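Taken in sequence, the protein lines are chains A and B.
Everything in the first sequence is counted per this note's numbering, starting at 43 for the first residue and increasing by one.
Everything in the second sequence is counted per this note's numbering, starting at 1379 for the first residue and increasing by one.
Read the structure below first, then the notes.
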Amino acid sequence: MTKPHTVLEMTRIDAQNLHKKISANMAKAEKATWADVKSAQADAKALGSKMTTLAKDQADTVKSAIQTAVAKLEAAGQLVENKTCDAKDDVERANAAMLDSAHKAAQALSAAVAAARSKLAQAIAPKKVVS
Amino acid sequence: MNTYVAGVFSSEAKARAGLRKLWQLDEDGALTVHGAAIVHRDDMGHIHMSEQDSDVGMRTAIGVGIGALLGVFARPAGVTVGALTGAAVGAAADAVTQTRRAHAAEEGFFTLKHGQSAFVAEISEDWTAILDDALAPMGGTIYRRMNTASTNAAFGAHYYDSYLYPYEMLDPRI
């Protein structure tokens, strides 16, 4: 059974995919380039934008986690190439920051998804009969 | 409230099948997986954690942290499902190694016997029967522990980032 995904669930999948993409970039090691970083940064920017919109409808604790993750995504997305240092180190540093931000985003979104699912589960749970 | 859950199986293949089932339940919306990983105890008693070669970020703090992770499931709060009975509760993980970098790590207590594997995960579930019923046909033993401040304190500040994947990690050998 595959159920239709909500916008929240789809955004969570985006965060998971971003994490995979950055991990793949890191796996390239010396062959990873700043172009790879910029591609991930573009995805992170889009993800951050979606999360900002979604945060508005969340409970306070979830909202706070999402906002923190968005801030990390934005910070990692603003890293720029430092041509004065070793290119490999520069890319590695940027990828590490990106991965951390993607992980935080995935965590925050899975918490939001869990809260939404729990709310739904409680709504459809059988009620006790009061005699 | 989130729950840490471990599914202990007689082989790594079964543990991976259990993990696949866990993520399928997530995809179906029956529960939510926040992060998960596979651990294996070899015939020498050493604990290995499966990882993706690519995931450098996951390896950074694995040495000390894994001992705490295994320690989370130390106490016999397990529910036996299928054929296996409660396994070696309280047995000391006498050494902890990581797949490629042999870290000396804190000793932990875990329910893995030599040769067994487990998936470990942090999940949110509204009914425990959903996971128990889904895994029952596969055999194995499920352990649960509530995610509390004191539990998490054992992991350190960055425990989650270090060894639980936020999506299904494919077998690195495939």
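Beta carbons are placed, not taken as given, at the ideal position from N, Cα and C, and that holds for glycine.
It should be emphasised that the depicted structure is a prediction, and the values quoted were computed from it without experimental measurement.
| query | result |
| --- | --- |
| Exposure label - A:K146; buried when at least 16 CB within 10 Å | buried |
| Presumed contact (8 Å Cβ cut-off) between A:L89 and A:L115, rounded CB distance | 6 Å |
| A:A74, DSSP secondary structure in three states | coil |
| Unbroken alpha helix (DSSP H) run spanning A:H145, endpoints | 129 to 166 |
| Option nearest B:S1502 by Cα separation, candidates A:S152, A:A118, A:A57, A:T110 | A:S152 |
| Under 7 Å from the C-beta of B:S1502: neighbouring residues of chain A | A156, S160 |
| 8 Å Cβ cutoff, A:A148 in contact with chain B | yes |
| Boundaries (first-last residue) of the beta strand (DSSP E) holding B:T1519 | 1519 to 1524 |
| C-alpha distance - B:D1421 paired with A:K169, whole-angstrom precision | 50 Å |
| Own chain residues within Cβ distance below 8 Å of A:W76, not counting five before or after | E123, A129, D132, V133, A136 |
| Neighbourhood of A:N100 by C-beta, 6 Å cutoff - its chain only, sequence neighbours within 5 removed | What sits at residue 100 of chain A in the sequence shown is Gln, not Asn. Result list for A:Q100: A154, in chain order. |
| Burial state of A:I166 (16 or more Cβ within 10 Å) | exposed |
| Contact under 8 Å by Cβ, B:Y1545 with A:Q58 | yes |
| Test: B:P1515 CB closer than 8 Å to a CB of chain A | no |
| Distance between A:V171 and B:L1542 (C-alpha atoms, nearest Å) | 41 Å |
| 8 Å Cβ shell around B:K1392 - same chain, five flanking residues per side excluded | S1495, M1516, G1517, G1518 |
| B:D1406 versus B:H1418: straight-line alpha-carbon distance, rounded | 27 Å |
| Spatial distance of B:S1388 from A:S106 (CA atoms) | 41 Å |
| Proximal residues of chain B, C-beta to C-beta of A:A163 below 7 Å | D1504 |
| Where A:H61 falls: helix, strand or coil (DSSP) | helix |
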